[in-house]
Structures are given as structure tokens and as C-alpha cells.
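K.L.:
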Amino acid sequence: MLWFYGGHDVELFPGISSVGLSLADLPPGIAFNHSPAFAPAVERTTETAERALATAAVAWLGTP
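Position in the sequence shown counted from 1, then plus 5, gives you our numbering.
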């Protein structure tokens, strides 16, 4: 199982939809996730990951 959450700060992409965005679409100067210059938006990424994992767990296991 592999989960993709992203991690870029959305403010780095004014006017660009994140739907279907790929490495080839990154604006100049934006580091990709394996670059030593990459720094994720920690709070937003963590919140998104926690929400997605909890939602998947409830969907798979049911509510307690």
C-alpha cells in the first residue's frame, strides 16, 4: 500500500490547480520532493495524512 499526500505549500502555486500536477508541471524554482532543497508544509501535510488515514481506517474497519 502506498499513500500520496503531497507536501508543497499551496501558496507556491497561485492560479495552478493541483489536480493532475506532475513533476514536469512544477514552476521554475520549486523543489521536488527528493531534492535537498525541498521543505514540506509540515502542518498541512500532517493534517491531510492523519485525516486520510483515519477515513480509510473507518471505511475499512467500520466505526467503533
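Each residue gets a CB set at the ideal place from its N, CA and C atoms; glycine is no exception.
Suppose the cutoff is 8 Å on Cβ atoms and the five residues either side in sequence are ignored; what does the same chain contact list for L17 look like?
P.N.:
Only P32 and I35 meet the Cβ criterion.
K.L.:
Rounded to whole angstroms, what is the Cα-Cα separation between R49 and H13?
P.N.:
Taking the straight line from one Cα to the other gives about 9 Å.
K.L.:
Near L58, what residues of its chain come up, given a Cβ to Cβ distance below 8 Å and the 5 sequence neighbours on each side ignored?
P.N.:
W8, listed in sequence order.
K.L.:
Does T68 come out as helix, strand or coil in the three-state DSSP assignment?
P.N.:
Residue state, collapsed to three classes: coil.
K.L.:
Could you give the DSSP three-state label for L5: helix, strand or coil?
P.N.:
Because the chain in this structure spans residues 6 to 69, residue 5 falls outside the shown range and cannot be described.
K.L.:
Taking just the CA atoms, how far does E52 sit from P45?
P.N.:
Between P45 and E52, the C-alpha separation is close to 12 Å.
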